[in-house]
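Numbering (our numbering), first residue to last: 18 to 214. We put the CB at the ideal spot given by N, CA and C, even for glycine. All values reported here derive from a predicted model rather than from experimental measurement.
See the structure below:
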């Protein structure tokens, strides 16, 4: 690894956020997952959780291009919801689902400066009734159009950039969140990737 490459990777690692993650429940289209991953990388999320209880485990993420974000992220795949949420709860204080319910809060009322996991459901039915009770609440993205839903990757991007805005104001990107050991492991993994950045 060249010194320039190492400097670039360390610069990215120093902005990785260990208190924000995305959970995808039964998202069918691997291209949607790939798009979500690119947004996660863009806002400094390091890990995401993919829960498949109704569809087969994903083997590919739908990106044939060398700019695929999957190689820069830590991806956990689960087929058991209880196991998945146990892992999430061990690292995050709150799980909020995108779901239109009587108790849903608006996106801009959310506090993204806490340790939070954001749950997005599949393309057709959203977050399932089986998973909702495992969350701490619901949020919605304000809209004024006729169609009251967004593509999952767009919904995720809108949400994560609000989180990015709040966390930037709070100074989260000015302080390193990953410890030395975590950074060293990721730097070693990233050093193997054959891509120009």
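For residue 54, the enclosing alpha helix (DSSP H) starts and ends at 47-59.
Residue 170 counts as buried, since no fewer than 16 other beta carbons sit within 10 angstroms of its beta carbon. Between residue 194 and residue 25, the C-beta spacing is not below 8 Å. Between the beta-carbon of residue 129 and that of residue 37 there is about 7 Å, and that keeps the pair under the 8 Å contact cut.
With contact defined as three or more Cβ pairs closer than 8 Å, the stretch 129-149 and the stretch 161-176 are in contact.
In the structure shown, residue 114 adopts extended strand secondary structure according to DSSP, grouped into three states. Per DSSP, residue 24 is one residue of the alpha helix (DSSP H) stretching across 20-30. By the 16-neighbour rule on beta-carbons within 10 angstroms, residue 164 is exposed. Per DSSP, the continuous alpha helix (DSSP H) segment holding residue 178 begins and ends at 169-186.
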